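Residue numbers (our numbering): 5 to 463.
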């Protein structure tokens with residue numbers, strides 16, 4: 005790169021730079037450079053000489069390179085506000101001199117999969133507002149992160165039990181260190197690499213005070229059932245603020261998933277509950293007035309989805325209030341996936357017999373999509389589905405099972421048809437039973453009366 009006027013260059017982007025040390029040496033003449041970015045290059049390190057010449061840098065983006073180290077001289081970039089080192093998979097540590105970047109506001113380290121540590125003095129970065137460390141499974145956050153009480157974005161943290169030091173006796177970030185980080189906002193993920201010894205750390209995290217968090221994900225370690233009481237207490241202690249809009253819980257090993265706070269999340273729009281293999285009953289969710297998406301995956305012990313799922317405690321006769329009761333009022337998408345023992349989905353007891361029930365209780369009035377995957381022993385669908393505005397029903401068991409009883413019942417003349425005939429798009433396995441309101445199965449394939457005489461409904 006040869007041209008006059010290097011001192012006038014303020015912003016420079018390099019793409020597809022070849023493997024090796026940073027950048028043409030002529031860049032050292034760009035003493036007034038404010039922004040330097042490289043993309044999709046193979047830079048292995050950036051030269052110390054260059055850093056000493058570009059002291060005015062505000063933005064440095066070295067993402068998607070082949071960096072193996074960051075030189076100590078990076079701490080001399082006193083005006084740096086934005087540093088992106090994402091997608092440098094060979095990078096294992098950052099120099100302690102980075103703690104001199106007191107004006108740094110954003111540090112991005114996404115997909116630095118081999119990054120093991122951050123400097124212990126990270127607490128000195130008092131102006132840091134965005135720390136992106138997503139997909140860095142080897143990363144151990146230092147204790148000093150807890151001092152960054154103005155931090156607004158922290159993608160995720162990995163929690164290693166109650167041991168607060170690593171093999172080098174370095175103090176590590178603990179769950180309880182979140183207590184004063186109440187400015188966190190957006191999405192936040194907590195992955196427990198080890199079980200906590202008790203729930204005190206979870207209580208001290210004070211998630212309930214973080215009113216700007218809109219999405220939370222809790223992922224627990226693969227644990228034996230003998231440890232389930234700890235996770236039950238931990239989930240109870242991880243109470244989020246009522247403003248939460250999205251919640252995901254994965255690999256929970258307790259037998260009961262019913263935290264006291266779950267039914268009070270009135271702004272919750274999306275709930276995902278995956279790999280809760282010991283849980284036997286779904287929590288009461290029908291009163292969550294804003295819930296639009298509910299996904300339940302791989303509950304190995306679940307046999308029945310009962311009336312408690314709707315958020316009521318008894319039969320329809322107990323609901324005598326004159327005011328209408330709407331259960332799952334906003335739910336649009338409901339998905340059950342990989343439930344090998346799930347046999348029964350119960351609706352409202354007495355639904356078809358009680359004339360007044362249609363006037364006082366409404367279930368899932370916004371439901372448009374019902375997806376059931378790999379639930380090979382499910383016998384029947386709930387009767388209330390006939391009153392929902394469903395647009396799509398999918399029952400797909402893949403290659404794991406023969407056709408389930410409920411799948412066999414989804415044709416004209418069979419047991420489930422009165423409940424689902426109004427749905428314009430019905431797909432069972434790889435075939436449409438009904439598409440855009442048009443029935444797709446030939447009359448020759450219809451079952452005889454004798455073959456369907458034993459079919460029945462379970463309410």
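Note that the Cβ used here is the ideal one computed from N, Cα and C, for glycine as well. This one's a predicted model, so the numbers in the text were calculated from it and none came from an experiment.
| Query | Result |
| --- | --- |
| C-alpha distance - residue 257 paired with residue 283, whole-angstrom precision | 8 Å |
| Those residues which DSSP pairs with residue 282 across a bridge | For residue 282, which the question treats as bridged, DSSP gives no partner whatsoever. |
| Span of the beta strand (DSSP E) around residue 41 | 39–43 |
| Where residue 328 falls: helix, strand or coil (DSSP) | coil |
| Environment of residue 45 [buried if 16+ CB atoms lie within 10 Å] | buried |
| With 16 other Cβ atoms within 10 Å as the buried cut-off, status of residue 321 | Only weak support exists for where residue 321 lies, its pLDDT of 46 falling under 50; the value from the coordinates is given anyway. Classification for residue 321: exposed. |
| Nearest residue (CA-CA) to residue 215, options 190, 204 and 194 | 190 |
| Proximity below 8 Å, CB of residue 139 to CB of residue 163 | no |
| Residues near residue 134 by beta carbon distance below 8 Å, same chain, minus five either side | 109, 110, 111, 112, 155, 156 and 157 |
| Alpha-carbon spacing of residue 146 relative to residue 178, whole angstroms | 9 Å |
| Cβ-based burial, residue 184 [other Cβ within 10 Å; buried from 16] | exposed |
| Distance between residue 268 and residue 336 (C-alpha atoms, nearest Å) | 20 Å |
| Counterpart residues of residue 337 in DSSP-defined beta bridges | 297 and 373 |
| Local conformation of residue 429 per DSSP, three classes | strand |
| Local Cβ density within 10 Å of residue 15, reported as buried at 16 or more and exposed below that | exposed |
| Backbone CA spacing between residue 12 and residue 57 [nearest angstrom] | 14 Å |
| Residues that residue 439 bridges to, as DSSP identifies them | 442 |
| First and last residue of the uninterrupted alpha helix (DSSP H) at residue 423 | 421–424 |
| Contact check, residue 376 vs residue 329, beta carbons under 8 Å | no |
| Neighbourhood of residue 303 by C-beta distance below 6 Å, restricted to the same chain and skipping five residues each side | 280, 283 and 343 |
| C-beta contact flag for residue 69 and residue 47 at 8 Å | yes |
| Beta strand (DSSP E) segment containing residue 160, residue limits | 160–164 |
| Inter-residue Cα distance where the pair is residue 271 and residue 333 | 12 Å |
| Beta-carbon contacts of residue 338 that lie in its chain and below 6 Å, excluding the five residues immediately before and after | 298 and 374 |
| Segment limits, alpha helix (DSSP H) that includes residue 55 | 52–57 |
| Option nearest residue 122 by Cα separation, candidates 130, 351, 416 and 148 | 148 |
| Beta-carbon spacing of residue 296, residue 274 below 8 Å | yes |
| Length of the line joining the Cα atoms of residue 417 and residue 386 | 17 Å |
| Cα-Cα separation, residue 180 to residue 259 | 25 Å |
| Helix, strand or coil at residue 250 [DSSP, three-state] | strand |
| Inter-residue Cα distance where the pair is residue 77 and residue 53 | 9 Å |
| Start and end residues, beta strand (DSSP E) containing residue 189 | 189–198 |
| Proximity below 8 Å, CB of residue 85 to CB of residue 104 | no |
| Pair within 8 Å by beta-carbon distance, residue 301 and residue 350 | no |
| Per-residue burial, residue 82 [other beta carbons within 10 Å of its own, 16 or more giving buried] | exposed |
| Paired residues, beta bridge with residue 19 - DSSP | 43 |
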